[in-house]
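*Asks:* Following this message is one structure expressed as C-alpha coordinates.
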Amino acid sequence: MPSDSLIPTSRRLHLMQQRWSQLLFAHWPVDPEILRPYLPARLELDLFEGQAWLGVVPFTMSHIRPLGLPAVPGLNRLHELNVRTYATLDGVPGVWFLSLDATQPLGVWAARTLFHLPYLHARMSLTETDGTLRAMAERTHRGAAPARFAATWTPGAVLPPARPGSLPHFLTERYYLYTAGADLAAAVRGTDLWRGRLFHEPWTLRAATLSEWESTLLESHGLPTPAGPPLLYAADALDVQVQELRRI
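Whatever position you read off the sequence shown (first residue = 1), add 42 for this note's numbering.
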(Lines of atoms letter the chains of each structure in order from A; the text may use other names.)
(Lines give C-alpha, C1' and ligand atoms only; values in the text may rest on other atoms or scores of the structure.)
Protein backbone atom coordinates (compact mmCIF):
# COMPACT_ATOMS: atom_id res chain seq x y z
CA MET A 43 0.00 0.00 0.00
CA PRO A 44 1.49 3.40 -0.94
CA SER A 45 2.15 5.96 1.72
CA ASP A 46 0.64 9.45 1.50
CA SER A 47 3.92 10.67 -0.01
CA LEU A 48 3.26 8.46 -3.05
CA ILE A 49 -0.08 10.10 -3.82
CA PRO A 50 0.45 13.09 -6.17
CA THR A 51 -1.00 16.45 -5.21
CA SER A 52 -2.98 18.83 -7.39
CA ARG A 53 -0.42 21.59 -6.70
CA ARG A 54 2.04 20.08 -9.18
CA LEU A 55 2.35 21.52 -12.66
CA HIS A 56 0.39 19.28 -15.00
CA LEU A 57 1.05 18.34 -18.61
CA MET A 58 -2.49 17.40 -19.60
CA GLN A 59 -6.04 17.81 -18.32
CA GLN A 60 -8.66 15.12 -19.03
CA ARG A 61 -12.05 13.88 -17.84
CA TRP A 62 -12.72 10.14 -17.59
CA SER A 63 -16.34 8.94 -17.68
CA GLN A 64 -18.53 5.92 -18.54
CA LEU A 65 -15.81 3.76 -17.02
CA LEU A 66 -15.89 0.08 -16.11
CA PHE A 67 -13.13 -1.78 -14.24
CA ALA A 68 -13.25 -5.50 -15.17
CA HIS A 69 -10.60 -7.70 -13.50
CA TRP A 70 -9.58 -11.34 -13.18
CA PRO A 71 -7.06 -12.96 -10.83
CA VAL A 72 -4.11 -14.40 -12.79
CA ASP A 73 -1.18 -16.63 -11.94
CA PRO A 74 1.81 -14.26 -11.61
CA GLU A 75 3.95 -16.64 -13.70
CA ILE A 76 1.63 -16.06 -16.67
CA LEU A 77 2.04 -12.28 -16.53
CA ARG A 78 5.74 -12.04 -15.64
CA PRO A 79 6.90 -12.29 -19.33
CA TYR A 80 4.80 -9.22 -20.19
CA LEU A 81 6.85 -6.86 -17.96
CA PRO A 82 10.40 -5.53 -18.37
CA ALA A 83 12.99 -7.07 -16.09
CA ARG A 84 13.22 -3.94 -13.91
CA LEU A 85 9.55 -4.00 -12.96
CA GLU A 86 8.03 -6.32 -10.38
CA LEU A 87 4.43 -7.45 -10.57
CA ASP A 88 2.38 -5.77 -7.86
CA LEU A 89 0.45 -8.55 -6.13
CA PHE A 90 -2.54 -8.54 -3.81
CA GLU A 91 -2.15 -11.28 -1.22
CA GLY A 92 0.17 -13.12 -3.59
CA GLN A 93 -2.20 -12.85 -6.57
CA ALA A 94 -1.67 -10.91 -9.82
CA TRP A 95 -4.63 -9.18 -11.47
CA LEU A 96 -5.39 -8.47 -15.11
CA GLY A 97 -7.88 -5.80 -16.11
CA VAL A 98 -9.86 -4.57 -19.11
CA VAL A 99 -11.10 -0.98 -18.78
CA PRO A 100 -13.37 0.77 -21.32
CA PHE A 101 -14.12 4.47 -20.84
CA THR A 102 -14.59 7.84 -22.52
CA MET A 103 -11.86 10.47 -22.26
CA SER A 104 -13.03 14.05 -22.87
CA HIS A 105 -12.04 17.66 -22.10
CA ILE A 106 -8.51 16.78 -23.27
CA ARG A 107 -6.35 19.88 -23.04
CA PRO A 108 -2.56 20.28 -22.98
CA LEU A 109 -0.98 22.59 -20.42
CA GLY A 110 -1.41 26.25 -21.39
CA LEU A 111 -3.50 25.52 -24.49
CA PRO A 112 -7.25 25.47 -25.12
CA ALA A 113 -9.07 22.29 -26.05
CA VAL A 114 -9.22 21.73 -29.81
CA PRO A 115 -12.69 20.78 -31.11
CA GLY A 116 -12.63 17.35 -32.69
CA LEU A 117 -9.41 16.41 -30.89
CA ASN A 118 -10.52 16.72 -27.27
CA ARG A 119 -12.51 13.50 -26.94
CA LEU A 120 -11.94 9.79 -27.56
CA HIS A 121 -13.01 6.35 -26.43
CA GLU A 122 -10.39 4.07 -24.92
CA LEU A 123 -10.14 0.40 -24.04
CA ASN A 124 -7.06 -0.70 -22.14
CA VAL A 125 -5.59 -4.01 -21.00
CA ARG A 126 -3.61 -3.59 -17.79
CA THR A 127 -1.89 -5.19 -14.87
CA TYR A 128 -0.06 -3.71 -11.89
CA ALA A 129 3.63 -3.21 -11.27
CA THR A 130 5.98 -1.64 -8.78
CA LEU A 131 9.50 -0.22 -8.80
CA ASP A 132 11.37 1.16 -5.77
CA GLY A 133 8.22 0.93 -3.68
CA VAL A 134 6.10 3.01 -6.10
CA PRO A 135 3.03 1.06 -7.31
CA GLY A 136 1.57 1.81 -10.73
CA VAL A 137 -0.29 0.56 -13.79
CA TRP A 138 1.43 -1.37 -16.57
CA PHE A 139 -0.47 -1.39 -19.88
CA LEU A 140 -0.32 -4.23 -22.38
CA SER A 141 -2.37 -2.19 -24.85
CA LEU A 142 -4.57 0.89 -25.08
CA ASP A 143 -6.99 0.84 -28.03
CA ALA A 144 -8.37 4.29 -28.85
CA THR A 145 -10.43 6.08 -31.49
CA GLN A 146 -8.61 9.37 -32.07
CA PRO A 147 -5.77 8.96 -34.62
CA LEU A 148 -3.87 12.07 -33.54
CA GLY A 149 -4.27 11.11 -29.89
CA VAL A 150 -2.89 7.64 -30.61
CA TRP A 151 0.09 9.14 -32.42
CA ALA A 152 0.77 11.61 -29.59
CA ALA A 153 0.51 8.97 -26.87
CA ARG A 154 2.85 6.60 -28.72
CA THR A 155 5.35 9.31 -29.65
CA LEU A 156 5.38 11.63 -26.65
CA PHE A 157 4.34 9.32 -23.82
CA HIS A 158 5.84 6.03 -25.09
CA LEU A 159 2.59 4.17 -24.43
CA PRO A 160 1.37 1.16 -26.48
CA TYR A 161 -1.70 2.88 -27.93
CA LEU A 162 -3.36 1.22 -30.92
CA HIS A 163 -5.84 2.50 -33.49
CA ALA A 164 -9.37 1.16 -33.14
CA ARG A 165 -12.98 1.80 -34.03
CA MET A 166 -14.99 2.12 -30.84
CA SER A 167 -18.35 3.35 -29.59
CA LEU A 168 -19.53 3.83 -26.02
CA THR A 169 -23.19 4.75 -25.62
CA GLU A 170 -25.67 5.10 -22.77
CA THR A 171 -29.38 4.25 -22.96
CA ASP A 172 -31.62 4.57 -19.91
CA GLY A 173 -28.66 4.18 -17.56
CA THR A 174 -27.19 1.14 -19.34
CA LEU A 175 -23.81 1.46 -21.08
CA ARG A 176 -22.64 -0.43 -24.16
CA ALA A 177 -19.09 -0.44 -25.54
CA MET A 178 -18.04 -1.93 -28.87
CA ALA A 179 -14.54 -1.92 -30.34
CA GLU A 180 -12.52 -3.39 -33.18
CA ARG A 181 -8.76 -2.94 -33.41
CA THR A 182 -7.60 -1.47 -36.73
CA HIS A 183 -3.92 -0.84 -36.00
CA ARG A 184 -1.72 -2.00 -38.88
CA GLY A 185 0.54 -4.86 -37.88
CA ALA A 186 -1.13 -5.44 -34.50
CA ALA A 187 -2.94 -8.63 -33.57
CA PRO A 188 -6.68 -8.25 -34.27
CA ALA A 189 -9.05 -7.87 -31.35
CA ARG A 190 -12.77 -7.29 -30.86
CA PHE A 191 -14.77 -6.26 -27.83
CA ALA A 192 -18.43 -5.83 -26.87
CA ALA A 193 -19.85 -5.30 -23.40
CA THR A 194 -23.07 -4.05 -21.88
CA TRP A 195 -23.36 -3.12 -18.21
CA THR A 196 -25.59 -1.19 -15.85
CA PRO A 197 -24.03 0.79 -13.00
CA GLY A 198 -25.77 0.27 -9.67
CA ALA A 199 -25.58 1.57 -6.13
CA VAL A 200 -22.63 3.60 -4.88
CA LEU A 201 -20.18 1.45 -2.92
CA PRO A 202 -18.44 2.54 0.29
CA PRO A 203 -15.13 4.36 -0.31
CA ALA A 204 -12.35 1.88 -1.07
CA ARG A 205 -10.25 1.38 2.06
CA PRO A 206 -6.45 1.35 1.76
CA GLY A 207 -5.35 -2.25 1.90
CA SER A 208 -8.58 -3.54 0.31
CA LEU A 209 -8.83 -5.17 -3.11
CA PRO A 210 -10.99 -2.36 -4.63
CA HIS A 211 -8.37 0.17 -3.53
CA PHE A 212 -5.54 -1.95 -4.95
CA LEU A 213 -7.27 -2.26 -8.34
CA THR A 214 -8.54 1.30 -8.79
CA GLU A 215 -6.57 3.86 -6.77
CA ARG A 216 -3.47 4.04 -8.96
CA TYR A 217 -1.64 7.37 -9.25
CA TYR A 218 1.34 6.25 -11.33
CA LEU A 219 1.87 4.41 -14.59
CA TYR A 220 4.91 2.71 -16.07
CA THR A 221 5.75 2.55 -19.75
CA ALA A 222 8.74 1.42 -21.78
CA GLY A 223 7.78 2.18 -25.37
CA ALA A 224 4.98 2.02 -27.92
CA ASP A 225 5.78 -1.56 -28.98
CA LEU A 226 5.08 -3.95 -26.11
CA ALA A 227 7.41 -6.75 -27.26
CA ALA A 228 10.33 -4.35 -27.72
CA ALA A 229 9.49 -2.61 -24.43
CA VAL A 230 9.68 -5.87 -22.50
CA ARG A 231 13.08 -6.69 -23.99
CA GLY A 232 14.54 -3.18 -23.69
CA THR A 233 16.01 -1.10 -20.88
CA ASP A 234 14.08 2.16 -21.34
CA LEU A 235 11.51 2.94 -18.64
CA TRP A 236 9.36 5.94 -17.78
CA ARG A 237 7.13 6.66 -14.80
CA GLY A 238 4.08 8.85 -15.26
CA ARG A 239 2.35 10.69 -12.41
CA LEU A 240 -1.40 11.32 -12.28
CA PHE A 241 -3.68 13.24 -9.95
CA HIS A 242 -7.38 12.74 -9.41
CA GLU A 243 -9.79 12.58 -6.52
CA PRO A 244 -10.60 9.08 -5.22
CA TRP A 245 -12.94 7.12 -7.43
CA THR A 246 -16.64 6.89 -6.63
CA LEU A 247 -17.21 3.21 -7.34
CA ARG A 248 -20.51 1.52 -8.03
CA ALA A 249 -21.73 -2.02 -8.28
CA ALA A 250 -22.25 -3.12 -11.89
CA THR A 251 -24.42 -5.73 -13.58
CA LEU A 252 -23.01 -7.25 -16.75
CA SER A 253 -25.46 -8.38 -19.45
CA GLU A 254 -23.03 -8.84 -22.36
CA TRP A 255 -19.31 -9.61 -22.60
CA GLU A 256 -17.47 -10.70 -25.74
CA SER A 257 -13.75 -10.04 -26.01
CA THR A 258 -10.60 -11.26 -27.69
CA LEU A 259 -8.42 -8.55 -26.13
CA LEU A 260 -6.53 -10.82 -23.75
CA GLU A 261 -6.19 -13.53 -26.36
CA SER A 262 -4.66 -10.98 -28.78
CA HIS A 263 -1.71 -10.82 -26.37
CA GLY A 264 -1.38 -14.59 -26.21
CA LEU A 265 -3.02 -14.73 -22.78
CA PRO A 266 -5.48 -17.51 -21.88
CA THR A 267 -9.20 -16.82 -21.89
CA PRO A 268 -10.34 -16.12 -18.30
CA ALA A 269 -12.11 -19.03 -16.63
CA GLY A 270 -14.94 -17.04 -15.07
CA PRO A 271 -16.74 -13.70 -15.06
CA PRO A 272 -14.78 -10.56 -14.18
CA LEU A 273 -14.86 -8.70 -10.90
CA LEU A 274 -16.68 -5.47 -11.80
CA TYR A 275 -16.69 -1.90 -10.57
CA ALA A 276 -18.36 0.92 -12.47
CA ALA A 277 -17.08 4.42 -11.71
CA ASP A 278 -18.46 7.94 -11.78
CA ALA A 279 -16.80 10.60 -13.93
CA LEU A 280 -13.80 12.51 -12.58
CA ASP A 281 -11.18 15.00 -13.77
CA VAL A 282 -7.60 13.79 -14.18
CA GLN A 283 -4.32 15.64 -14.45
CA VAL A 284 -1.31 14.04 -16.11
CA GLN A 285 1.33 15.70 -13.96
CA GLU A 286 4.64 14.22 -15.00
CA LEU A 287 6.42 11.70 -17.24
CA ARG A 288 9.99 11.03 -16.15
CA ARG A 289 12.61 8.63 -17.45
CA ILE A 290 13.82 6.39 -14.64
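Yeah, the Cβ is synthetic: ideal placement off N, Cα and C, and Gly gets one too.
Assign Thr15 to one of two classes, buried (16 or more other C-beta atoms within 10 Å of its C-beta) or exposed (fewer than that).
*Replies:* Here the chain covers residues 43 to 290 and nothing more, so residue 15 does not appear.
*Asks:* Could you check if Tyr275 is buried or exposed, using at least 16 other CB atoms within 10 Å of its CB as the buried criterion?
*Replies:* Counting of Cβ neighbours within 10 angstroms places Tyr275 among the buried residues, the total reaching 16 or more.
*Asks:* Which partner residues does Asn124 have in the DSSP bridge list?
*Replies:* Val99, Leu142
*Asks:* Per DSSP, which one or two residues make a beta bridge with Gly136?
*Replies:* When DSSP reads this structure, Gly136 sits in a beta bridge with Ala129.
*Asks:* Decide yes or no for the touch test of the region 202-212 against the region 174-189: beta carbon pairs closer than 8 Å, at least 3 of them.
*Replies:* no
*Asks:* Could you tell me which residues DSSP pairs with Thr194 in its beta bridges?
*Replies:* Partner(s): Arg176, Glu254.
*Asks:* For Trp62, which option in Asp132, Phe212, Leu81, Thr246 has the closest C-alpha, if you only look at C-alpha atoms?
*Replies:* Nearest of Asp132, Phe212, Leu81, Thr246 to Trp62, Cα basis: Thr246.
*Asks:* To the nearest angstrom, report how far apart Gln93 and Leu287 are at their CA atoms.
*Replies:* 28 Å
*Asks:* Take Phe212 and list the residues in its own chain whose beta-carbon comes closer than 6 Å to its own, dropping the five residues that flank it on each side.
*Replies:* The answer, listed in chain order, is Phe90.
*Asks:* Suppose you measure from the CA of Thr267 to the CA of Thr251; what does that come to, to the nearest Å?
*Replies:* Their backbone Cα atoms lie some 21 Å apart in a straight line.
*Asks:* Here's the rule I'm using: 16 or more other beta-carbon atoms within 10 Å means buried, otherwise exposed. How should Pro271 be labelled?
*Replies:* exposed
*Asks:* Would Gln283 pass as an interface residue toward chain B - the criterion being a Cβ-Cβ separation below 8 Å?
*Replies:* In summary, chain B is missing from the structure at hand, where a single protein chain is found.
*Asks:* So, using beta-carbon positions, are Gly232 and Pro108 closer together than 8 Å?
*Replies:* no
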